[in-house]
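Structure, as structure tokens:
Numbering (full-length UniProt numbering), first residue to last: 1 to 203.
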């Protein structure tokens, strides 16, 4: 047998690769939840409190600096690879944010808008999609009108209570620390692409 045990550890001694690990507990969700996300073709992200931890840093010149999570960024790239368009609607704008989104290849963006629903609808129109094909992750009141309309709404665990009450799923991880990646992974599972994409990294 290729597997051998030594105390509590397992060592791979054969030529075949060990099997992929099962889905993490965060992805072991009820089937009804995955059904809500199955038809999603566009995933909307808020920025402050979702792609960041909500903190803002200002330079002496007044420039806004933000800290982003690389796990979240890779999740956004995986969505695009799976045919799910990532989009961003945010109430703020900054050179740092524009550079980050450009690096991730996110082209459907609306900056500096507090009224997020019409901004998102403009993106949906451009993609020839509707709310039944949209997912949203947000953390505060400006996200509520869109979250109430989309097929799948998600909130970070540290989101405002009213937002978590509307969400179909509340992440285990906080904003800026993996919440967006959990959202991405759920959409990949629902679309049937999670294992397929993971296999590419197991080669």
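Just so it is clear, CB atoms sit at the ideal spot from N, CA and C, and this is done for glycine as well.
Small disclaimer: the values here were computed from a predicted structure and weren't measured.
Query                                                                                                                             : Result
Restricting to runs no shorter than 4 residues, where is the alpha helix (DSSP H) found entirely within the stretch 150–179?      : 161–166
Can you check DSSP and say which residues form a bridge with residue 96?                                                          : None; residue 96 has no bridge partner.
Taking only three categories from DSSP, how would you classify residue 181?                                                       : helix
Can you find at least 3 beta carbon pairs, one from the stretch 146–153 and one from the stretch 79–88, that sit closer than 8 Å? : no
Taking the C-alpha atoms as reference points, what is the distance between residue 165 and residue 114?                           : 21 Å
Grouping DSSP H, G and I as helix and E and B as strand, with all else coil, what is residue 89?                                  : strand
Check whether the Cβ of residue 97 lies closer than 8 Å to any heavy atom of the ligand MN, and answer yes or no.                 : You won't find the ligand MN in this model; it holds no ligand whatsoever.
Could you have a look at residue 84 and say whether DSSP puts it in helix, strand or coil?                                        : coil
Does chain B have any CB closer than 9 Å to the CB of residue 132?                                                                : In the structure shown, chain B cannot be found, because there is only a single protein chain.
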